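Peer 1: So that you can map any letter, position 96 of the sequence shown is 559 in the working numbering, and since no number is skipped, the others follow by simple counting.
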Amino acid sequence: MPAPPWKPLTRDIALVVAAPLVLAGFGLSHPGGLRPHNAQHWAELHIWLLPVWPLLALGVIVPLWGRPRRDAEGAATVVAWAGAFGYAVYYTGLDAVAGIAAGIAEEHGGERRREVVRPLFHTGDALGQAGVWCLGAAAVAASVALCLRYGARVLPGTAVLLVCCWSFLDSHIFHPRGVVTMLGFALGFALFVVAAARPPKAAGPEREA
Numbered sequence: 464m465p466a467p468p469w470k471p472l473t474r475d476i477a478l479v480v481a482a483p484l485v486l487a488g489f490g491l492s493h494p495g496g497l498r499p500h501n502a503q504h505w506a507e508l509h510i511w512l513l514p515v516w517p518l519l520a521l522g523v524i525v526p527l528w529g530r531p532r533r534d535a536e537g538a539a540t541v542v543a544w545a546g547a548f549g550y551a552v553y554y555t556g557l558d559a560v561a562g563i564a565a566g567i568a569e570e571h572g573g574e575r576r577r578e579v580v581r582p583l584f585h586t587g588d589a590l591g592q593a594g595v596w597c598l599g600a601a602a603v604a605a606s607v608a609l610c611l612r613y614g615a616r617v618l619p620g621t622a623v624l625l626v627c628c629w630s631f632l633d634s635h636i637f638h639p640r641g642v643v644t645m646l647g648f649a650l651g652f653a654l655f656v657v658a659a660a661r662p663p664k665a666a667g668p669e670r671e672a
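#1: Among 645, 505 and 614, whose alpha-carbon lies nearest the alpha-carbon of residue 629?
#2: According to DSSP, simplified to helix, strand and coil, what is residue 529?
#3: Would you check if the distance between the CB atom of residue 519 and the CB atom of residue 482 is smaller than 8 Å?
#4: Do residue 504 and residue 494 have their beta-carbon atoms positioned less than 8 Å apart in this structure?
#5: Give the C-beta separation of residue 587 and residue 561 to the nearest angstrom, bearing in mind that I take them to be a contact with Cβ-Cβ under 8 Å.
#6: Could you tell me the distance, in whole angstroms, from the CA atom of residue 559 to the CA atom of residue 585?
#7: Please report the distance separating the alpha-carbon of residue 576 from that of residue 553.
#8: Looking at the secondary structure, which residues open and close the alpha helix (DSSP H) in which residue 563 lies?
#9: Just the Cα atoms here: how many angstroms apart are residue 637 and residue 548?
#10: Would residue 608 pass as a contact of residue 539 if the rule is Cβ separation under 8 Å?
#11: Can we say the segment 617-625 touches the segment 567-583, given the rule of at least three CB pairs closer than 8 Å?
#12: DSSP on residue 493, reduced to helix/strand/coil?
What follows is the structure, encoded as C-alpha cells:
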C-alpha cells in the first residue's frame, strides 16, 4: 500500500528544519563573547556543533533530490549542490578554528592567549564568510531550479532564505539575532519543500511541426 501523500512531505520538512532548529537551541546558550571564564563552555559547545553545521545544507539538497536533468534546471541543481558542499566545508572550518581551537587557546594560553586567539578569529571569520556566500549561492541556484519546475510559488522561500543569509554573515547563532536567523532558515527551507511537494507547473503547448 503506498504511503499517504502527507508522509513524504512531513518527512522532508523534518529533514530540512531539524538542523536550523537545533542550531537555534544551541544559540540560546552560546556565549556573547569569548572570555577565560567561559572558554571551556565555548570550546565544548562548538564540539557539539561540529556535526550539525553541515546538516544545514540539507535545506537546499532535499527539495532538489534526484538525478539532475541535462537542461537549465539540472545545471542550476548542480550549482546548488556545489554551493551546499562549499558551505558545509567552510562553515565547519569556522566552527573548528574560531570555536574549538579559539576556546582551547583562551582557556590554556596564559597571559599571551589573545595573541593566539585573535588570528584564530580572523581566520575563522574568513572561513565563515566564504561558507555563508556559498550557502547564499546555493539558495539562489536552488530557487532557479525549483522555479523552472514549479513556478513562482518557490519565491517566498527564496526571499526568506536570502534575508537569512544576509543576517548569517555576522550573526552566527548569537542570541537574539542569530537564533532568529536559524528560525528563518527553518521557515525558508520548509517553504521550499512545500512548494516542491505540489505537482510541477504545466508545460506550455507544444508547437505543431
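Just so you know, even glycine gets a beta-carbon here, dropped at the ideal spot from N, CA and C.
If you're wondering where the values come from, they're calculated on a predicted model, not measured in any experiment.
Peer 2: The short version:
#1: Closest by alpha carbon: 645.
#2: In this structure, DSSP gives residue 529 a state outside helix and strand, which the three-state scheme calls coil.
#3: Going by C-beta atoms, residue 519 is nearer than 8 Å to residue 482.
#4: When the beta-carbon positions are compared, residue 494 and residue 504 come within less than 8 Å of each other.
#5: Yes, they are in contact, since the Cβ atoms of residue 587 and residue 561 sit about 3 Å apart, within 8 Å.
#6: Near 13 Å, if we compare the C-alpha coordinates of residue 585 and residue 559.
#7: Separation of residue 576 and residue 553 (C-alpha to C-alpha, rounded to the nearest whole angstrom) is 25 Å.
#8: Unbroken run through residue 563: none, as it is neither H nor E.
#9: Taking the straight line joining both Cα atoms gives about 24 Å.
#10: The answer is yes: Cβ separation under 8 Å.
#11: As far as the Cβ criterion goes, the segment 617-625 does not touch the segment 567-583, which means the pair count is below three.
#12: Here residue 493 carries a coil assignment [DSSP, helix/strand/coil].
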